[in-house]
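Note that numbering that gives the first Met the number 0 numbers the sequence shown so that position 14 is 13, with each residue one more than the last. Structure first, commentary second.
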Amino acid sequence: MLGKCESCGTPNVEVSSSKENGKEKLLCNQCRPADGAYGY
Numbered sequence: 000m001l002g003k004c005e006s007c008g009t010p011n012v013e014v015s016s017s018k019e020n021g022k023e024k025l026l027c028n029q030c031r032p033a034d035g036a037y038g039y
C-alpha cells in the first residue's frame, strides 16, 4: 500500500501497518522493525 511513513515522514512510499507499543502505525520498509510475522 502506498502512503506516508509515520516515522520518517516520507510520502508516497510502500508502507505497512506495524503495532508499536500497542498503537498501529504505518511504517516504510526502512522504519519497520525486522521482527514479527513479516520479518525476513
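Every residue, glycine too, gets a C-beta built ideally from N, C-alpha and C. Because the structure is a prediction, the values reported are computed rather than measured.
Distance between residue j and residue i (C-alpha atoms, nearest Å)
i, j, result
"Pro32", "Ser15", "11 angstroms"
"Thr9", "Gly21", "23 angstroms"
"Met0", "Glu13", "5 angstroms"
"Leu25", "Ser6", "8 angstroms"
"Asn11", "Ser17", "17 angstroms"
Where the beta strand (DSSP E) through residue i begins and ends
i, result
"Ser15", "12–19"
"Glu23", "22–27"
Own chain, CB closer than 7 angstroms to residue i, minus 5 neighbours either side, in chain order
i, result
"Asn28", "Glu13"
"Cys4", "Val12, Val14, Leu25, Leu26, Cys27, Cys30"
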